[in-house]
């Protein structure tokens, strides 16, 4: 090598990184070095070349001292958000990604599995506003999915994946050609990916915490914090998934019965019970009541429940005569399970029927994820 040479310890000091980080740069080929006995000789020009690349990021991320668990304030806020989750899990995802990025890394993402088992970004936060803008432009231009290396082990195995160093050549593969001019700001150094496992035992995606080039490797005490918050993200996803299915089911059943009410202006819903049964969706608990609270039709999924959705007489009356034709109640089987109700009215506004749709069982495919898998900013 040309020029004066230094050892690995001096190179690490010049780069402003830990000795082990400098060693990983050498092993990955990011820092050119020559093996001499038990050590390395590194030219000052090689050190300067890598340091220039690191400095192009705008800052170096040094080792942090993570807390043993999320702050109590975060826990309280997150619990409230998860309990209030309905059609979209994004508020919970955004709270988690922002907190983790600010505490332990540069970027944090929630990545949800698609039908092809690739990963698509659903929510993200990056401490670097300029990098966040670049990546958002990159995602918007290509609608890119996350390449099948980052986090894929966590997705397939259901176990947390910890990668302490990503070689520069590998990291470059995840930057589209049109955005290579920004590559110095987008090269991943290390990451932790925890699986999102829902109540049915399926891995639905990953929570990924990322440090970019120049950051220190993650210490073991970060992992349980990421896993704990991944569990909260999974609960929010589960709630939105089931709530969305019950909501869409109610809308479909309500619409079908509305057409029936418009055709049969005089006949009560009881008179067309056989037709109503044919409108119910198999596998998802659905039922239709007459306005006087008599069960007219129900599918097998509804009848097989040991207990079902409940609505007392006062609530029933408010639903029929009140200003709002829809309601959500807690299912009688579980305090965290919901049922969606809706009043079907004749053209003159009088009640024709009341529909109710409960959450589907986990083994039944649910409706598309609606507001869950929303476009976001992915770490690349």
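Numbering (my numbering), first residue to last: 32 to 411.
The beta-carbon is built from N, C-alpha and C at its ideal position, and this holds for glycine as well.
Item: Within 8 Å of any Cβ in chain D, is that where the Cβ of residue 190 sits?; Value: Here chain D cannot be found, since the structure has a single protein chain.
Item: If I measure Cβ to Cβ from residue 56 and keep anything under 6 Å in the same chain, skipping five residues before and after, which residues do I get?; Value: 62
Item: To the nearest whole angstrom, what separates the beta carbons of residue 39 and residue 53, a pair I think is in contact under 8 Å?; Value: 6 Å
Item: Between the C-alpha atoms of residue 77 and residue 117, what's the straight-line distance to the nearest angstrom?; Value: 54 Å
Item: Give the single residue among 190, 390, 156, 65 whose Cα lies nearest to the Cα of residue 270.; Value: 390
Item: Does the stretch 260-270 come close enough to the stretch 234-247 that 3 or more CB-CB pairs lie under 8 Å?; Value: yes
Item: What are the boundary residues of the beta strand (DSSP E) that includes residue 240?; Value: 234-243
Item: What is the DSSP secondary structure of residue 69, counted as helix, strand or coil?; Value: coil
Item: Classify residue 36 as buried or exposed, calling it buried when 16 or more other Cβ atoms lie within 10 Å of its own Cβ.; Value: buried
Item: Tell me whether residue 221 sits in a helix, a strand or coil according to DSSP, three-state version.; Value: strand
Item: Which residues does DSSP list as the beta-bridge partners of residue 228?; Value: 234
Item: Compare the Cα-Cα distances from residue 65 to each of 297, 230, 42, 343 and report the closest residue.; Value: 42
Item: Kindly give me the distance between the Cβ atoms of residue 225 and residue 200, rounded to whole angstroms, as I take these residues to be in contact under 8 Å.; Value: Contact doesn't hold; Cβ gap of about 26 Å is too wide.
Item: Can residue 327 be considered in contact with the ligand ADP, in the sense that its beta carbon sits closer than 7 Å to one or more heavy atoms?; Value: Although the ligand ADP was asked about, the structure shown includes no ligands whatsoever.
Item: Could you check if residue 50 is buried or exposed, using at least 16 other CB atoms within 10 Å of its CB as the buried criterion?; Value: exposed
Item: What is the residue span of the alpha helix (DSSP H) that residue 352 lies within?; Value: 344-352
Item: For the stretch 263-351, which segments carrying the alpha helix (DSSP H) assignment without a break, of at least 4 residues, lie completely within its bounds, in sequence order?; Value: 304-310, 331-334
Item: Can the beta-carbon of residue 256 be found less than 8 Å from the beta-carbon of residue 320?; Value: no
Item: Under the rule that 16 or more other beta-carbon atoms within 10 Å means buried, what is residue 114, buried or exposed?; Value: exposed
Item: DSSP three-state label for residue 125, please.; Value: helix
Item: Please classify residue 371 as buried or exposed, where buried requires at least 16 other C-beta atoms within 10 Å of its C-beta.; Value: buried
Item: Does the beta-carbon of residue 88 have 16 or more other beta-carbons within 10 angstroms, so that it is buried, or is it exposed?; Value: In this predicted model, residue 88 has a pLDDT of only 44, less than 50, meaning its place in the structure is not dependable; the value taken from the coordinates is given anyway. Counting Cβ neighbours within 10 Å, residue 88 comes out buried, since at least 16 surround it.
Item: Give the straight-line distance between the Cα atoms of residue 48 and residue 81, rounded to the nearest whole angstrom.; Value: 12 Å
Item: For the beta strand (DSSP E) that residue 370 lies in, which residues bound it at each end?; Value: 369-376
Item: What's the C-alpha gap between residue 44 and residue 166?; Value: 31 Å
Item: Could you tell me the distance, in whole angstroms, from the CA atom of residue 95 to the CA atom of residue 135?; Value: Per-residue confidence for residue 95 stands at a pLDDT of 40, beneath the threshold of 50, marking its modelled position as unreliable; no derived number is given.
Item: Classify residue 156 as helix, strand or coil using the three-state DSSP reduction.; Value: strand
Item: For residue 74, which of helix, strand or coil comes out of DSSP?; Value: strand
Item: Please go through the same chain and pick out, in chain order, the residues whose beta-carbon is closer than 6 Å to the beta-carbon of residue 4, but skip the five residues on each side of it.; Value: As displayed, the chain neither begins before 32 nor continues past 411, which places residue 4 out of reach and without an answer.
Item: Can you tell me whether residue 157 is buried or exposed, with buried defined as 16 or more other CB within 10 angstroms of its CB?; Value: buried
Item: Label residue 132 either buried or exposed according to how many other C-beta atoms from any shown protein chain fall within 10 Å of its C-beta, with 16 as the threshold for buried.; Value: buried
Item: Looking at C-alpha atoms only, which residue of 296, 326, 289, 387 is the closest neighbour of residue 304?; Value: 326
Item: How many Å lie between residue 277 and residue 155 at the Cα?; Value: 27 Å
Item: Is DSSP giving residue 188 helix, strand or coil here?; Value: helix
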